[in-house]
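Residue numbers (UniProt numbering): 1 to 341. We put the CB at the ideal spot given by N, CA and C, even for glycine.
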Ligand SMILES: Cc1ncc(COP(=O)(O)O)c(C=O)c1O
């Protein structure tokens with residue numbers, strides 16, 4: 001019986017959903033939403049805060065500040081409350097209402113940016129805002145998830161090793177890409193492993209993380225409006241881009257079987273299923289990572305009016321949901337990369 005005295009001391013690390021009965025291809029989905037912050041971002045938050053404490057950057061009157069589309073903000077609100085720091089989250093209008101309310105319930109302060117940057121995202125504007133805060137008062141401490149090596153190191157030390165322990169015959173790993181902390185931590189770990197693992201990054205159409213064209217993206221978590229500073233593409237074997245409409249369909253297909261996952265899980269599952277359909281290889285051991293659960297998306301991904309307004313009336317036709325993802329888009333202008341040609 002685990003008994004804890006700090007909220008970040010609990011994190012379910014070994015829960016997988018077998019998706020074969022739902023999608024017809026063998027894929028084990030690692031669930032990262034079962035902790036008090038509700039997402040995989042707890043791991044990066046703990047690693048970055050503890051590193052800052054070790055480096056003497058945090059004092060009792062420090063105010064942690066971070067740009068986040070939500071989940072890291074929730075994790076930092078929780079850790080800050082537990083450790084007695086103040087926390088300010090700079091987010092944007094794509095952040096779910098429930099996520100914002102969660103941060104506030106945990107004592108975090110939330111500033112919402114409404115101006116798009118040149119790439120059609122909010123990231124540049126959010127980062128400029130954080131920089132201005134930090135230069136206005138030296139009590140602000142910016143952990144900077146986009147550049148902080150603690151972000152990928154958290155997954156090198158935890159997520160990757162958890163998967164390795166459960167799947168010693170792992171062949172392919174599908175990881176959604178936001179800051180690419182999860183992707184780079186896992187990719188670096190498996191590069192040195194006892195057998196080759198194909199690392200497939202899953203991104204959203206409209207993200208420029210891997211060089212695609214900028215476009216509208218409404219589901220938070222995955223995708224970037226700049227190249228992620230942590231990304232080293234030499235560790236990534238392939239990149240798949242998924243349309244948000246396919247993300248929604250995958251989420252609803254999972255929900256139709258009682259599994260309510262977050263939007264980015266729909267993206268990763270959609271991309272992974274398309275990849276598995278194209279690479280019919282019997283006996284392949286494939287794992288994907290589900291960053292969070294669905295409750296934060298009830299007013300978007302799981303709200304029929306919102307979905308139809310944004311993606312059109314046909315999106316949730318039962319045939320479309322049952323058929324699963326349409327062909328996922330390979331990255332334009334570039335063939336799939338192979339590590340060992
Ligand atoms: C729901 C969700 N999915 C995926 C990601 C991407 O993870 P990473 O930043 O490690 O690439 C995030 C990051 O915030 C997230 O909140």
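Whole-Å CB distance - residue i paired with residue j, under 8 Å assumed
{"i": "residue 29", "j": "residue 19", "result": "6 Å"}
{"i": "residue 123", "j": "residue 64", "result": "With 8 Å as the limit, residue 123 and residue 64 do not qualify as a contact, their Cβ atoms being about 19 Å apart."}
{"i": "residue 208", "j": "residue 226", "result": "7 Å"}
{"i": "residue 230", "j": "residue 152", "result": "6 Å"}
{"i": "residue 232", "j": "residue 199", "result": "About 11 Å separates the two Cβ atoms, so there is no contact after all."}
{"i": "residue 271", "j": "residue 242", "result": "5 Å"}
{"i": "residue 219", "j": "residue 178", "result": "Actually they do not touch by this definition, with Cβ atoms about 11 Å apart."}
{"i": "residue 73", "j": "residue 89", "result": "4 Å"}
Exposure label - residue i; buried when at least 16 CB within 10 Å
{"i": "residue 246", "result": "buried"}
{"i": "residue 3", "result": "exposed"}
{"i": "residue 194", "result": "exposed"}
{"i": "residue 280", "result": "exposed"}
{"i": "residue 147", "result": "exposed"}
{"i": "residue 336", "result": "Legend: pLDDT at residue 336 = 41, less than 50; position of this residue unreliable, value from coordinates given subsequently. By the neighbour-count rule (16 or more Cβ atoms within 10 Å), residue 336 is not buried but exposed."}
{"i": "residue 257", "result": "exposed"}
{"i": "residue 282", "result": "exposed"}
Opening and closing residue of the beta strand (DSSP E) in which residue i lies
{"i": "residue 308", "result": "Segment 304–311 is the alpha helix (DSSP H) holding residue 308; no beta strand (DSSP E) there."}
{"i": "residue 286", "result": "286–290"}
Residue i CB to nearest heavy atom of ligand 1 below 7 Å
{"i": "residue 177", "result": "yes"}
{"i": "residue 291", "result": "yes"}
{"i": "residue 181", "result": "yes"}
{"i": "residue 206", "result": "no"}
{"i": "residue 5", "result": "no"}
{"i": "residue 135", "result": "no"}
{"i": "residue 72", "result": "yes"}
{"i": "residue 298", "result": "no"}
{"i": "residue 222", "result": "yes"}
{"i": "residue 41", "result": "yes"}
{"i": "residue 98", "result": "no"}
{"i": "residue 69", "result": "yes"}
Simplified DSSP state of residue i, which is helix, strand or coil
{"i": "residue 269", "result": "helix"}
{"i": "residue 194", "result": "coil"}
{"i": "residue 86", "result": "strand"}
{"i": "residue 140", "result": "strand"}
{"i": "residue 241", "result": "strand"}
{"i": "residue 12", "result": "coil"}
{"i": "residue 23", "result": "helix"}
{"i": "residue 342", "result": "Lying before the first or after the last residue shown, residue 342 is absent from the chain, which here runs from 1 to 341."}
{"i": "residue 317", "result": "coil"}
Opening and closing residue of the alpha helix (DSSP H) in which residue i lies
{"i": "residue 129", "result": "123–136"}
{"i": "residue 31", "result": "Unbroken run through residue 31 is the beta strand (DSSP E), 28–31; no alpha helix (DSSP H)."}
{"i": "residue 373", "result": "Residue 373 is absent from the structure shown; the chain starts at 1 and stops at 341."}
{"i": "residue 64", "result": "First-last for residue 64: 63–67, but that is the beta strand (DSSP E), not the alpha helix (DSSP H)."}
{"i": "residue 104", "result": "97–105"}
Residue-chain proximity (residue i, chain B), Cβ-Cβ < 8 Å
{"i": "residue 82", "result": "Given the protein chain composition of this structure (a single chain), no chain B is represented."}
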